[in-house]
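Student:
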Amino acid sequence: MERVAFKLKIFKGMEEEYKKRHDAIWPSLAALLKEHGIFDYSIFLEETSGSLFAIFKIEDRTRLEALPRHPLMREWWYFMKDIMETNADHSPVSIPLKEVFYLS
């Protein structure tokens, strides 16, 4: 099992909209993430900067490789592009975070 953490950024004033969209996450998207082995997924907001810190667990990190090509994942990215920093393909700008401490 591996923990994966990364940083994202939402646009100023979009905090409530980001939360609203995730509170109503598409069941098919939640199922897709679980099918690819993702579990124990949390996203935290640092309110003054709009920075998001996300962390999830996965048994096999190689299962993540197919997600960016999945049509449903791309549809979600398109749905979210108006409220957060994204790349040209509408995927969120995601900065991997290095683990520097863990207490089990």
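Positions in the sequence shown are counted from 1; adding 17 to them yields the numbering used here. For every residue, glycine included, the Cβ atom is placed at its ideal position computed from N, Cα and C.
1. Have a look at the DSSP bridge pairing and note the partners of Ser68.
2. What's the C-alpha gap between Pro85 and His53?
3. Mapping the DSSP letters down to three states, classify Lys37 as helix, strand or coil.
4. For Ala105, report the span of its alpha helix (DSSP H) as first-last.
5. Report the option in Val110, Asp40, Glu33, Leu114 whose CA atom is closest to the CA atom of Phe73.
Tutor: Based on what the coordinates show:
1. Counting from one through the sequence shown, the residue named residue 68 turns up at place 51. In DSSP, Ser68 forms a bridge with Lys26, Glu63.
2. The sequence position of residue 85 within the sequence shown is 68, counting from 1. The sequence position of residue 53 within the sequence shown is 36, counting from 1. Spanning the two alpha carbons is a distance of roughly 11 Å.
3. What you label residue 37 is simply residue 20 of the sequence shown in a count that begins at 1. Lys37 falls in the helix class under three-state DSSP.
4. To locate residue 105, count along the sequence shown from 1; it is residue 88. That residue, Ala105, is in no alpha helix (DSSP H); it is neither H nor E in DSSP.
5. Counting from one through the sequence shown, the residue named residue 73 turns up at place 56. Nearest option by C-alpha distance: Leu114.
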